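Only one structure is covered here, and it is reproduced in the block below.
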Amino acid sequence: MSQRWSNLLVWAGTIAFVVLVSKTAWAGNPVNGTSLTNLVVLALPLAGIIAMAASGLVVVYTTTGIFNFAQGAIGMFLAYVDWELTVHHGWPQLFVLPLVVLVIAPLLGIGLDRAIMRHLQGKALVVQLSVTVGLMFAFIGLANMLWNQNTAHSMPALFQGEGFHIGQVLLTWHRFITIVVAVALAIGLRILLFQTRIGIAMRAVVDNRDLAALGGARSSVLSSFAWALGCSLAALAGILLAPETADMSTTTLTFLIITAFAAAVVGRLRSLPLTYLGALILALATQWSGSFLRFSERWTNVPDALPTIMLFIVLLLLPRAEIQFARIGQVRRVERVSSVRDAAIGMLALLVFIVVMSMFVLSNTDTTNLSRFALGMCTALVALSLVPLTGWAGQVSLAPLAFAGIGAVAYARLGGAHGSIWAVFLAALVTVPVGALFAFPAMRLQGLYLALATLAFAAMVEEVFYSQPFAIGAGERSVQPVHLLGIDFTSKRAFLILVTVVFGLCGIGIVALRRSAFGRRLVALRDSEAASVTVGVNVLETKLAVFALSAGIAGFAGAFFAMNAGTLNGPTGFEMIAGLPIVLALVIGGVGFVAGALFAGIFGLSLVIIQSDWHISLWIGLTYLAPGLAVLGIIQNPSGAVVPIGEGFARLLPWRHDARRDYEEMTAATAEPEVGGLGLERPFEEADVLLVDRELGISNEVPRAVAAARSG
Amino acid sequence: MGLLEIEEVSVQFGGLLAVDDASISVPAGCVTGLIGPNGAGKTTLFNVITGLQAPSGGRVVLDDVEVTRRRPYRRARLGIARTFQRLEAFGSLTARENVLVALEMRRRWATARYDCGKIADELLERVGIAHVAETRVEALPTGSARLVELARALATDPKVLLLDEPSSGLDEQETDALGVLLHELTAGGLAVLLVEHDMPLVMEACSYISVLDFGRVIARGTPREIQADPSVQRAYLGTAKAAS
Ligand SMILES: Nc1ncnc2c1ncn2[C@@H]1O[C@H](COP(=O)(O)OP(=O)(O)O)[C@@H](O)[C@H]1O
Ligand SMILES: [Mg+2]
Chain A
36 MSQRWSNLLV WAGTIAFVVL VSKTAWAGNP VNGTSLTNLV VLALPLAGII AMAASGLVVV
96 YTTTGIFNFA QGAIGMFLAY VDWELTVHHG WPQLFVLPLV VLVIAPLLGI GLDRAIMRHL
156 QGKALVVQLS VTVGLMFAFI GLANMLWNQN TAHSMPALFQ GEGFHIGQVL LTWHRFITIV
216 VAVALAIGLR ILLFQTRIGI AMRAVVDNRD LAALGGARSS VLSSFAWALG CSLAALAGIL
276 LAPETADMST TTLTFLIITA FAAAVVGRLR SLPLTYLGAL ILALATQWSG SFLRFSERWT
336 NVPDALPTIM LFIVLLLLPR AEIQFARIGQ VRRVERVSSV RDAAIGMLAL LVFIVVMSMF
396 VLSNTDTTNL SRFALGMCTA LVALSLVPLT GWAGQVSLAP LAFAGIGAVA YARLGGAHGS
456 IWAVFLAALV TVPVGALFAF PAMRLQGLYL ALATLAFAAM VEEVFYSQPF AIGAGERSVQ
516 PVHLLGIDFT SKRAFLILVT VVFGLCGIGI VALRRSAFGR RLVALRDSEA ASVTVGVNVL
576 ETKLAVFALS AGIAGFAGAF FAMNAGTLNG PTGFEMIAGL PIVLALVIGG VGFVAGALFA
636 GIFGLSLVII QSDWHISLWI GLTYLAPGLA VLGIIQNPSG AVVPIGEGFA RLLPWRHDAR
696 RDYEEMTAAT AEPEVGGLGL ERPFEEADVL LVDRELGISN EVPRAVAAAR SG
Chain B
747 MGLLEIEEVS VQFGGLLAVD DASISVPAGC VTGLIGPNGA GKTTLFNVIT GLQAPSGGRV
807 VLDDVEVTRR RPYRRARLGI ARTFQRLEAF GSLTARENVL VALEMRRRWA TARYDCGKIA
867 DELLERVGIA HVAETRVEAL PTGSARLVEL ARALATDPKV LLLDEPSSGL DEQETDALGV
927 LLHELTAGGL AVLLVEHDMP LVMEACSYIS VLDFGRVIAR GTPREIQADP SVQRAYLGTA
987 KAAS
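Going down the list, the protein sequences come from chains A and B.
Take 36 as the starting number for the first sequence in this note's numbering and just add one per residue.
Take 747 as the starting number for the second sequence in this note's numbering and just add one per residue.
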């Protein structure tokens, strides 16, 4: 389909969607001067808050190339710091607000930049994303630990909610100040970016993509400044937003900022005026839906999904991405492609281990631990669905658990209620087309935008799908484990062994796939889309296949989730926020490897065990804090933990001569002098010129200007 | 009439006219040279031919079939292959796997059956990198990676081969071998369009040469005619000589 037609289709679809939703959900409130004034008066401060948060995202992204998922969480955290000082310690807001926004937030930003973000330059997108998602979890976890979420927190509005009237509508001083601050910020940022040296330098990085791709070209002052500014903007947004929420719930505050993602995407993550425009439109849409639409029954949760629905629509409206050339300066993963035989041996060892555990260690009378182990294997199976998609094809998906949820529901509806074996395969079959549909946005969107679209999808599934009567509806659905070969898998021990066998078989299949033509094609597509198409690879077909495959595996895994849970109850167990740690754990383990998926399962399992045996307040924090902090480990080891573990382990196996040889080669390679000492400790030679040229992605031709200067 | 005809192609990037009404004919069975200073629009023209860049005007015709609006992968299947000036090898695959990807795609539309593994080994042998077949390309020196790209392009069994500065990163010996290989390939009926800065190689290998400057074709002819052309010397050869 040509670009023009697909754009037209998306626009027409969006308009039709908005009209249709408005018609069906129309609450019947009068549309008159008062209600419209009210709408605008409510929308403007919201737009201001969205714009502040989104500007922070834009400033950081344009300067450092990193999309800060944690923007909302940082705002939330700093709003709590503000609460602590004003409400708990009784300090005056007039003093605390500048302290938090102008001192604490910038310090936090600089700290983050120095300690974490700087090390992410040039890493794979999924690694960059995982770290900021992890940071988001860490901040939520930390806030949950410090400020007990079982008691309500509330932040008073500025000037105690007093205000003035516009017509019959009250505009509080708090909201008025929010609007004024947002406008002042717009002007301030404009001056900063266009009139000051540091601002112009920041823009210069944005305007030169090649330069932006080179980590070294960015001055460290610039990135620290951007992070400081980004955190200040987050703090401002968080503090102004906090009084508008009922109880300052950490997750609510964090995720309200998803609307800011949408606004920043309207500005294509670089234009501040467009970001402000996006914020205004999104705020108007939010208030419009709040004032004039009413969602009930199966659509009750639509308002909660509104930010993500808007994010999804905005993403689809983006112009189609161009064909991607290889990203220069990118540090590629060191991948050792394991053989099918090794995978089979590994899976057999896993099975033996699980059997022994379930026979001699895990109690069959109290099935809690057997159940947890089974959940761990199910988690590993879901993580496995991302190995071909994200690990090989480089398509970042944050929605694997949403596909598992769809699979679970399909299992329950299509025969799982009485444990039909066919239902397991039907579950996979039902999710396949849903996943394949994602190939179409994946043709338009690339990298970060696709990841955001999958995140929005996960949230929409959570809020809207399960409440549908054909899915789960208001009640529950109970399911039975499968009957297979006359074995009753209602015994948790038998079920655990079944899931382990299933994971083992799927894992071996995935390893075999990597060694097949299809596996090679996926890796080729990730490494260079431009080169792939010039050797005849049909990108749409390939993406369709890999999205379908990934969704199928996740749906398949979902059936086992359902069996393990016994009953399905709304989105429980399949929430967007429950899915993100799986992605994080997979990245920590190694996103390109079956062993990485197993790692994700073990990680989830350990977390569940630790949590239930530890002190309660820590428990609340740990759910979020542990994956958040653990993911920082990938800064040290971006290929994943299983790579060094596997290399170390394989060397010990008597038949793995190749592993010993690889290890020797690697140590020899790292012993070679690096580019760092060039010109200082040793002369700059022809070979180094090639190396540097290659790193910078330039050819050995002499630029015209230089040539002209020399000749003239 | 060439096997590949580039007819009045223009490419506009914002205010910059990177290719300006360029027409080039690439006949089968010989090497056609495309030279010009850095930034002249050579790579952009390659992108237009392979479909990675939509032209703002003009046509690309392959074997009497207009392909201007075809998707890049379809053009590949019709017989256009290329290498890249800025490396686009599949870095995390081995040299052999790079070639296999192309062969496995070609198997889908080729009529004859063949053994991918065997042909991959032959191709690597032919371009002279059989000894690094099992090395990941990102670990190879630039020159070898270029040869991987060449083998990969040949694996699609093209009618037209576009080479974007293939000799950069090659040593003298490898460059000579490249010249020999080009002769062999064209003797088999292949049409080659060669962008190259190595003047001896260009003068030796090409039957015809077009000169591009600021997106315009400022001269075309045999190597001898091009060497004698004063406008070419002004635009290109002079500066290149002074620089070297
Ligand atoms: N994607 C692009 N966007 C904007 N300008 C481009 C793009 N690609 C190339 N150019 C510009 O077009 C001109 C021609 O570039 P190129 O085709 O790479 O030249 P050559 O290969 O002859 O050295 C250069 O001025 C370059 O900066
Ligand atoms: Mg070029």
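Ideal Cβ positions, reconstructed from N, Cα and C, are used throughout, including at glycine.
Computed from a predicted model, the values in this text were never measured in an experiment.
Residue i at chain A interface by Cβ criterion, 8 Å
| i | result |
| --- | --- |
| B:T790 | no |
| B:P818 | yes |
| B:L763 | no |
| B:F960 | no |
| B:M700 | Residue 700 of chain B lies beyond the residue range present for chain B, which begins at 747 and ends at 990; the question has no answer from this structure. |
| B:D851 | Sequence inspection shows Met at residue 851 of chain B; the Asp mentioned does not correspond to that position. Taking Cβ atoms only, chain A reaches closer than 8 Å to B:M851, which makes this a yes. |
| B:E843 | yes |
| B:S838 | yes |
| B:A858 | no |
Cutoff 8 Å: residue i Cβ touching any chain B Cβ
| i | result |
| --- | --- |
| A:A566 | yes |
| A:I545 | no |
| A:R556 | yes |
| A:D377 | no |
| A:A706 | With a pLDDT of 48 at A:A706, under the threshold of 50, the modelled position of this residue cannot be trusted; read the value that follows with caution. No, A:A706 does not count as interfacial toward chain B. |
| A:V570 | yes |
| A:D562 | yes |
| A:F360 | yes |
Pairwise C-alpha distance: residue j and residue i
| i | j | result |
| --- | --- | --- |
| A:S259 | A:I145 | 5 Å |
| B:Y954 | A:T577 | 39 Å |
| A:S326 | A:L74 | 7 Å |
| A:T343 | A:I293 | 7 Å |
| B:T814 | A:V570 | 17 Å |
| B:D959 | A:C266 | 49 Å |
| A:D168 | A:A236 | Reading the sequence as shown, one finds Val at residue 168 of chain A and not Asp. Between A:V168 and A:A236, the C-alpha separation is close to 28 Å. |
| A:T535 | A:S526 | 14 Å |
| A:V622 | A:V162 | 7 Å |
| A:F473 | A:S551 | 24 Å |
| A:L257 | B:R805 | 46 Å |
| A:L350 | B:L833 | 31 Å |
| A:K158 | A:C541 | 29 Å |
| B:T859 | A:V375 | Going by the sequence as given, residue 859 of chain B is Arg instead of Thr. So the two alpha carbons sit approximately 27 Å from each other. |
| A:E119 | A:L288 | 16 Å |
| A:A270 | A:A277 | 10 Å |
| A:L228 | A:L304 | 15 Å |
| A:G747 | B:G761 | Low per-residue confidence applies at A:G747: pLDDT is 38, beneath 50, and the placement is therefore not dependable, though the value from the model is reported in the following sentence. Answer to the nearest angstrom: the Cα atoms are 28 Å apart. |
| A:L307 | B:K864 | 56 Å |
| A:M190 | A:A491 | 29 Å |
| B:A856 | A:F438 | 37 Å |
| B:R854 | A:A583 | 21 Å |
Close Cβ partners of residue i (< 8 Å) along its chain, the five nearest in sequence each way excluded
| i | result |
| --- | --- |
| B:E843 | F836 |
| A:F52 | I348 |
Beta-carbon separation (whole angstroms), residue i vs residue j, contact threshold 8 Å
| i | j | result |
| --- | --- | --- |
| A:P689 | A:A620 | With 8 Å as the limit, A:P689 and A:A620 do not qualify as a contact, their Cβ atoms being about 31 Å apart. |
| A:A60 | B:L839 | A:A60 to B:L839, Cβ: 51 Å. No contact. |
| A:P516 | A:F530 | 5 Å |
| A:T72 | A:V204 | 5 Å |
Cutoff 6 Å; reference residue i; Cβ partners in own chain excluding five residues on either side
| i | result |
| --- | --- |
| A:R244 | Its pLDDT being 47, under 50, A:R244 is placed unreliably in this model, and the coordinates cannot settle the point. |
| A:Y115 | A178, W182 |
| A:N404 | L397 |
| A:Y484 | L350 |
Sequence-distant residues of the same chain with beta carbon closer than 7 Å to residue i, five excluded per side
| i | result |
| --- | --- |
| A:L341 | T321, S324 |
| B:D809 | L749, K905 |
| A:A629 | It is worth fixing the name first, because residue 629 of chain A is Val in this sequence and not Ala. A378, L419, V422, G542, I545, V546, listed in sequence order. |
| B:S890 | I875, V878 |
Give the list of continuous alpha helix (DSSP H) stretches no shorter than 4 residues that lie fully inside the segment 111-174 of chain A. 128-133, 140-150
Residue ranges of each alpha helix (DSSP H) within the segment 265-310 of chain A, 4 or longer: 285-290, 293-301
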